[in-house]
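Presented below is the structure to which this report refers.
2 protein chains.
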Amino acid sequence: MQEAAQVLEEAQSDLSPQQLIGALVKKGELTDPGSPRGRLLNAAARLFEQKGFSRTTVRDLAAEVGILSGSIFHHFSSKEQILCEVMKEVTIFASARMRSAMESAGSPQERLRACIQSELEAIHEQAVPGFSILVMEWRSLSEASQKEVLLQRDEYEQIWLDAINTAQCPGGDAAVVRRLLVGALSHTYSWFKPREKGLTIPELSDRVFQIFAP
Amino acid sequence: MQEAAQVLEEAQSDLSPQQLIGALVKKGELTDPGSPRGRLLNAAARLFEQKGFSRTTVRDLAAEVGILSGSIFHHFSSKEQILCEVMKEVTIFASARMRSAMESAGSPQERLRACIQSELEAIHEQAVPGFSILVMEWRSLSEASQKEVLLQRDEYEQIWLDAINTAQCPGGDAAVVRRLLVGALSHTYSWFKPREKGLTIPELSDRVFQIFAP
DNA sequence: AACGCTACCAAGCAAGCGCTTGGTATTCAA
DNA sequence: TTGAATACCAAGCGCTTGCTTGGTAGCGTT
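Protein sequences appear in the order of chains S and E.
By my numbering, the letter at position 212 of the first sequence is numbered 212, and the numbering carries on one by one without gaps.
Take the position in the second sequence, starting the count at 1, then add 214; the result is the number in my numbering.
Structure, rendered in structure tokens:
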């Protein structure tokens, strides 16, 4: 029974996270996590998520990957550029992940539920480290950097809007519903702890789905 | 004493914001906005909301009220204490405002709708300057300060939980529903602009209500 | 007139910040 | 064997930060 479920899960999701990352790296859309630049981006994603952007110093970041603070600027031109690059790569990865989650969903209802669960997994599991930064640290970006990230983000949001529209949610137009969902889901970072034996991510996804698409 | 407070509370149900503030100042629960300390707290609420806590310097704050930065520490012991005091006073004011909004609501449905609209007004109108700080800058507080603010916040959240419970919302227990609502509502600060001729606050309240309590 | 209290100024300190500079070790292709 | 490229170190610069110190002007009370 346990094995059958596991086989089914792996059969439905064509790629593991590592395989998905590998494919995106080969396409040149993501930085190789093994390269110095990639290790910096991953460490930055973790630190910015844990402590916030302005409370993370370049010395913190350098210590995390075992180099001196000045060496960071051999790979990036400024601290803000690091945040910008982190956000862009996080968005690209989350998009690919959600698109692959949508492929194994049949009905419009299932598609919306898959979106919700995919975003919750991005926020809470190690699935997409740094995803919550996209909302929480948005104001730390300059306007120029915001535009760069929005260019990537449009694709991700389009998947959401399609899912909301076809699922016929109440509450007016899809854009408003999505924005309310962004807030509700991203804020779970502050209170939902999937490790504690209480709510699981699928259960929480069910509740959110139940509220937004009854 | 208990009765006197009750009478005072009922008397303030139809008060304007200024009158409500005045009553709370007289009870000693709020700092007089005309005093130097009060002017600092109001300016801090505006600045922390606009630019964020860590991007606001004590020099910014001092300039806003027309004094030098060092003089701030004649009124507060640290920058973090200012944030803590702002949060406490914002919570006290928002509680009083919401309680008075609940009194003119009849059915459980109306009570929940009144809660939603009251919080949206707190976030977007000048009703409660600094309200969004409560969510956005929570992590900027030390654990000791967080406990202080939570002491005030419990009362506010209890009103919400009662309203959600009696309105029989879907989506499981009231605590989870409230947390999803906190996220959805507080995030509106980033996208909803009541000045633009589009959605109004009552209309947005309707949509949120429609989603969370169909 | 003397006192104490509040509110503030003027000046600056120590620490921390993002970032720069000049140089070194290693690698690898020509 | 040379030369360019990559990845990093060592040292520190210039600036900003939250906060301190010592002093003063104005005020109401006694």
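Beta carbons: idealized from backbone N, C-alpha and C, even for Gly.
Since we're looking at a predicted model, the values are computed, not measured.
In the DSSP assignment, Q382(E) falls outside any alpha helix (DSSP H), carrying neither H nor E.
At a cut-off of 8 Å, the C-beta of R195(S) has no neighbouring C-beta in chain E. G344(E) is positioned such that its CB atom lies closer than 8 Å to that of E263(E).
Per DSSP, the unbroken alpha helix (DSSP H) holding E49(S) starts and ends at 36-51. In this chain, the alpha helix (DSSP H) harbouring G236(E) covers 231-240.
Between M316(E) and R327(E), the beta carbon gap of about 10 Å keeps them out of contact (Cβ cut-off 8 Å). Using a Cβ-Cβ cut-off of 8 Å, P202(S) does not count as an interface residue toward chain E, since no Cβ of chain E sits closer than that to its own.
With a cutoff of 8 Å on beta-carbon distance, I133(S) and A45(S) are scored as near each other.
In this chain, the alpha helix (DSSP H) harbouring A308(E) covers 293-317.
Under a criterion of Cβ atoms nearer than 8 Å, no residue of chain S is adjacent to I347(E); the nearest Cβ is some 13 Å distant.
Take A174(S), set aside five residues on each side of it, and the residues of its chain with a beta-carbon closer than 6 Å to its own are L161, I164, N165, in chain order. A Cβ-Cβ separation of about 11 Å leaves G52(S) out of contact with R269(E) under the 8 Å criterion. Classified as exposed, A358(E) has fewer than 16 neighbouring CB atoms from the shown chains inside 10 Å of its CB.
Within the same chain, Cβ atoms closer than 8 Å to the Cβ of L83(S) are found at A44, F48, F53, I133, E137, S140, L141, S145, the five residues on either side in sequence being excluded. Scanning Q372(E), H338(E), V349(E) for the CA closest to the CA of T188(S) turns up V349(E). With contacts defined as CB atoms closer than 8 Å, V90(S) and V128(S) qualify as a contacting pair.
Residue range 108-124 is occupied by the alpha helix (DSSP H) that includes I116(S). In chain order, V135, R179, L180, V182, G183, A184, S186, H187 make up the part of chain S whose C-beta sits under 9 Å from the C-beta of H401(E). Cα atoms of L181(S) and I201(S): separation of roughly 16 Å, rounded to the nearest angstrom. Residue nearest to R367(E) within the set H288(E), S419(E), F287(E), V300(E) is V300(E) (criterion: CA-CA distance). CA-CA distance, L255(E) to L244(E), rounds to 11 Å. Using a Cβ distance threshold of 8 Å, F93(S) and I21(S) count as a contacting pair. Here S332(E) really is in contact with R311(E); their C-beta atoms are around 6 Å apart, less than 8 Å. In the same chain as E80(S), and ignoring 5 residues on each side of it, the C-beta atoms closer than 8 Å to its own belong to S140, L141, S142, S145, in chain order.
Under the Cβ criterion of 8 Å, V149(S) is not counted among the residues facing chain E. For E417(E), the enclosing alpha helix (DSSP H) covers residues 415-426. Among the CB atoms of chain S, one or more fall inside 8 Å of the CB of P428(E). With a threshold of 16 other beta carbon atoms within 10 Å, H338(E) meets it and is buried.
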